[in-house]
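Residue numbering for the sequence shown follows this note's numbering, beginning at 109 and increasing consecutively.
Glycine residues also receive a C-beta, built at the ideal position from the N, C-alpha and C atoms.
None of these values were measured; they are calculated from a predicted model.
This report concerns only the one structure given below.
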Amino acid sequence: MRTRDCWRKIARKTGDPAAWSTYRDYKRDVKRKLRQAQRSYVEQEIKKNPKDTGNMWKVIRTCIPKKTTGKKSFSNDDKSVANNFNEFFTAVGSNTVMKIKSLAKENNYTPSQLPFVPTRAPSWVSLPLN
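The following block contains the structure:
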């Protein structure tokens, strides 16, 4: 690992393609050795107590990556978030009508019922946002 780190430092300072290539080779080698070490550790732990399923699952869980929960990114302004949701959900109806019409046209089908006509709420209607 030290050799890899030294080559990284050299490659960053010089910008030499050969140094970067050497660094990448050492980096791959370190990753390979770490994976092999982890694999052998897991095998040893499982072989050590083959009848202890609790310990076996504890070792297996260490190999499984943890789920990362990232915070959903929305605008800080509640009004703009509400407007974005409203625009999305009001467009669902008109998009559906357009898809129905195009499918009907493709299949030479004439709908027998009156078509759905999407409407928008008047601009003077607003909901309190607390």
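The three-state secondary structure of glycine 162, taken from DSSP, is helix. Scanning the stretch 111-136 from its first residue to its last, no whole beta strand (DSSP E) run of 3-plus residues comes out. Counting along the chain, aspartate 186 sits inside the alpha helix (DSSP H) bounded by residues 186-214. Annotated three-state conformation of threonine 218 is coil, per DSSP.
In the three-state reduction of the DSSP assignment, isoleucine 172 falls in the coil class, being assigned neither a helical nor a strand state. A direct Cα-Cα distance of roughly 35 angstroms separates methionine 164 from arginine 132.
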